[in-house]
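Here the structure is laid out as structure tokens; the discussion comes afterwards.
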Amino acid sequence: MAGMTDETTIAYTALAKGTPILTAEGTELGTVEHVLQDPSIDLFDGIAVKTSAGLRFVDADLVGRITTAAVHTTLTVDDAAALPEPQGTEVLDADPNEYEGNGLSAWFGRVFLREHWMRRKNE
Numbered sequence: 001m002a003g004m005t006d007e008t009t010i011a012y013t014a015l016a017k018g019t020p021i022l023t024a025e026g027t028e029l030g031t032v033e034h035v036l037q038d039p040s041i042d043l044f045d046g047i048a049v050k051t052s053a054g055l056r057f058v059d060a061d062l063v064g065r066i067t068t069a070a071v072h073t074t075l076t077v078d079d080a081a082a083l084p085e086p087q088g089t090e091v092l093d094a095d096p097n098e099y100e101g102n103g104l105s106a107w108f109g110r111v112f113l114r115e116h117w118m119r120r121k122n123e
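Under full-length UniProt numbering, the sequence shown has 105 at position 105, and the numbering climbs by one with no breaks.
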């Protein structure tokens with residue numbers, strides 16, 4: 001297709017902070033702030049997006065494709081303007097030991113500087 005770049009599809013777990021988020025028309029609506037997920041059950045909930053209007057939430061159902069270059073959503077420009085702020089009382093803790101060691105996950109964490117958060121177990 002004309003105008004398309006060579007982008008490789010990736011998993012949400014490889015998504016890096018600062019990756020552009022695009023509308024269905026290709027307009028940039030913001031950048032990835034962080035991925036909302038529950039790794040214990042491999043659940044992708046959505047993406048917190050840093051926009052000029054503040055932090056907004058893109059539900060996983062609105063994400064069409066995640067690539068090495070961008071997150072392609074199914075949102076129109078008008079839909080994107082009406083995105084809600086992230087909600088909830090979820091408590092997350094940083095896991096400073098996540099990227100220590102020689103494993104593949106540790107290597108990706110160091111290379112892509114991806115923050116890792118752990119869901120708190122029942123308090």
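Cβ atoms here follow ideal geometry from the backbone N, Cα and C, with glycine treated the same way.
- Between E33 and V58, the CB-CB gap reaches or exceeds 8 Å.
- DSSP places P86 outside both helix and strand once states are collapsed to three, so it counts as coil.
- If you compare the alpha carbons of A60, G54, G26, L22 with that of V35, the shortest gap goes to A60.
- Excluding its 5 nearest sequence neighbours in each direction, P84 has C-beta neighbours in its own chain below 6 Å: F57, listed in chain order.
- Excluding five sequence positions before and after T19, the CB atoms of its chain that fall closer than 7 Å to its own CB belong to T31, V32, A70, V71, given in chain order.
- Residue burial annotation: V77 is exposed, with fewer than 16 other C-beta atoms found within 10 angstroms of its C-beta.
- Collapsing the DSSP output to three states places A48 in a strand.
- Under the DSSP assignment, D38 falls in the beta strand (DSSP E) whose first and last residues are 28 to 38.
- Taking all protein chains in view, the Cβ of T9 is surrounded by fewer than 16 other Cβ atoms within 10 Å, so the residue is classified as exposed.
- Taking the Cβ atoms as the reference, Q37 lies roughly 6 Å from L43, within the contact range of under 8 Å.
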